[in-house]
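Student:
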Amino acid sequence: METAGSPSLPGSPSVTGSPAGAGAAMVGAAGGATSAPGTVAPLESLRPGRALLVQGARAVKGLPGLGRNALPALAGEYSYLPAKSGGAALAVSVWYTREPVPVPPAWSAAPCEKRPAGYAAWASPPEPDGSVVWALQAQGFTLFIRAPGGMADPCAFASVFAERVSFFERYAERPEDSSFPAVLEIGP
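For reference, each letter of the sequence shown is one residue, going 1 to 188 in the numbering used here.
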């Protein structure tokens with residue numbers, strides 16, 4: 001795939017459609033709360049190896065890792081408890097767009113052999129907070145995932161997320177039918 005466009009600008013102004021507020025890297029312990037503001041799935045369902053959609057899918061303008069932009073997208077946030085976690089859940093922000101998105105030259109191919117067929121995976125350089133933005137490009141749409149610093153295996157989350165979104169896309173009759181799965185079973 002060709003790379004073009006503006007380089008990712010670490011420390012650039014936040015995206016206007018960022019689904020998470022500042023300091024949202026940790027969401028809490030497994031089963032620690034029954035719900036949170038904007039919760040889609042009850043947090044008591046969170047267990048190791050599972051991610052729950054806690055915000056979204058909502059329309060936003062702006063995608064992460066691309067500098068200032070107003071590209072239309074859907075955004076959401078998952079509370080993810082990695083299988084080998086010490087009990088703290090991670091906030092993983094996600095975006096979906098049908099707009100053509102050039103991969104910035106500073107990004108590199110993401111080593112993710114688990115990704116579904118038909119996807120190209122790219123990763124940004126680490127951002128100042130240690131997070132890395134992944135872009136998973138498929139025919140007709142691109143998924144973005146902000147993997148928080150310290151996330152052991154972003155590929156596992158990205159692969160399951162991409163596979164589930166692809167399933168939803170196969171059955172979407174109109175563009176506005178696009179959505180995010182409420183539960184992701186990432187596994188061990």
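Just so it is clear, CB atoms sit at the ideal spot from N, CA and C, and this is done for glycine as well.
1. Across the stretch 44-62 and the stretch 84-98, are there enough close Cβ pairs to call them in contact, namely three or more that are closer than 8 Å?
2. Per the contact definition of three or more C-beta pairs closer than 8 Å, is the stretch 101-112 in contact with the stretch 124-131?
3. To the nearest angstrom, report how far apart Tyr-119 and Val-183 are at their CA atoms.
4. Run the CB neighbour count on Glu-176, radius 10 Å, all protein chains shown included, and call it buried at 16 or more, exposed below.
5. Tell me whether Leu-184 sits in a helix, a strand or coil according to DSSP, three-state version.
6. In the DSSP output, what is Gln-137 paired with across the bridge?
7. What does a CB cutoff of less than 6 Å around Ala-83 pick up in its chain, not counting 5 residues either side in sequence?
8. Is the beta carbon of Ala-57 sitting closer than 8 Å to the one on Ser-159?
9. Is the beta carbon of Val-94 less than 8 Å from the beta carbon of Phe-161?
10. For the beta strand (DSSP E) holding Ser-93, just list the boundary residues, first then last.
11. Is Tyr-80 closer than 8 Å to Phe-157 when the C-beta atoms are compared?
12. Name the two residues that bound the continuous beta strand (DSSP E) containing Pro-72.
Tutor: Based on what the coordinates show:
1. The stretch 44-62 is in contact with the stretch 84-98.
2. Judged by pairs of C-beta atoms under 8 Å, the stretch 124-131 touches the stretch 101-112, as three or more such pairs exist.
3. Start at 1 with the first residue of the sequence shown, and residue 119 comes out as number 119. Start at 1 with the first residue of the sequence shown, and residue 183 comes out as number 183. So the alpha carbons of these two residues sit roughly 21 Å apart.
4. In the sequence shown, counting from the first residue as 1, residue 176 sits at position 176. Glu-176 comes out exposed.
5. Numbered from 1 along the sequence shown, position 184 holds the residue referred to as residue 184. In this structure, Leu-184 counts as strand in the three-state DSSP scheme.
6. Residue 137 sits at position 137 when you count from the first residue of the sequence shown. In DSSP, Gln-137 forms a bridge with Ala-120, Thr-142.
7. The residue labelled residue 83 in the question sits at position 83 within the sequence shown. Same-chain partners within the cutoff: Pro-48, Gly-49, Pro-188.
8. The residue you call residue 57 lines up with position 57 of the sequence shown. The residue you call residue 159 lines up with position 159 of the sequence shown. The answer is no: Cβ separation not under 8 Å.
9. Sequence index remark: in the sequence shown, residue 94 carries index 94 (1-based). Sequence index remark: in the sequence shown, residue 161 carries index 161 (1-based). The criterion of a C-beta distance shorter than 8 Å is satisfied by Val-94 and Phe-161.
10. In the sequence shown, residue 93 corresponds to position 93, counting from 1. In the DSSP assignment, Ser-93 falls within the beta strand (DSSP E) that extends over 88-97.
11. Position 157 of the sequence shown, counting from 1, holds the residue named residue 157. Position 80 of the sequence shown, counting from 1, holds the residue named residue 80. Cβ distance < 8 Å, so Phe-157 and Tyr-80 count as in contact.
12. Locating residue 72 in the sequence shown gives position 72, counting from the first residue. Unbroken beta strand (DSSP E) run through Pro-72: 72-81.
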